[in-house]
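The letter at position 60 of the sequence shown is residue 60 when you use full-length UniProt numbering, and the numbering goes up by one with no holes.
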Amino acid sequence: MAKKVGLGPKPSKKSDGDKRQDAWVSGEDKSAEKKKRLTIDIPESLHRKIKADCAIRGAKIADEIRVLLAERYDT
1 MAKKVGLGPK
11 PSKKSDGDKR
21 QDAWVSGEDK
31 SAEKKKRLTI
41 DIPESLHRKI
51 KADCAIRGAK
61 IADEIRVLLA
71 ERYDT
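What follows is the structure, encoded as structure tokens:
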């Protein structure tokens with residue numbers, strides 16, 4: 001004889017308060033401007049230097065490049 005498994009009630013939709021709490025916990029920032037991906041080719045030696053410097057400081061390469069671009073283009 002097959003075992004019957006009962007299904008629970010359908011989950012209700014989250015309230016606005018729950019959504020705001022989830023966004024706060026996950027670190028989402030709705031006021032931040034939408035990001036676009038940029039792909040560039042750089043010499044391997046330059047990549048090694050950037051990667052080593054970021055690793056020593058515990059920084060991410062993408063964050064480092066964003067700062068440099070923001071300084072150059074004053075955003």
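The C-beta atom is built at its ideal place from N, Cα and C for all residues, glycine as well.
CA-CA distance, residue i and residue j?
{"i": "E64", "j": "G58", "result": "11 Å"}
{"i": "D16", "j": "G8", "result": "24 Å"}
{"i": "A23", "j": "E71", "result": "29 Å"}
{"i": "K3", "j": "P11", "result": "24 Å"}
Checking 8 Å against the spacing of the C-beta atoms, do residue i and residue j come in under that value?
{"i": "I40", "j": "K51", "result": "no"}
Please name the residue in the options whose C-alpha comes closest to that of residue i.
{"i": "L69", "options": "L38, H47 and I56", "result": "L38"}
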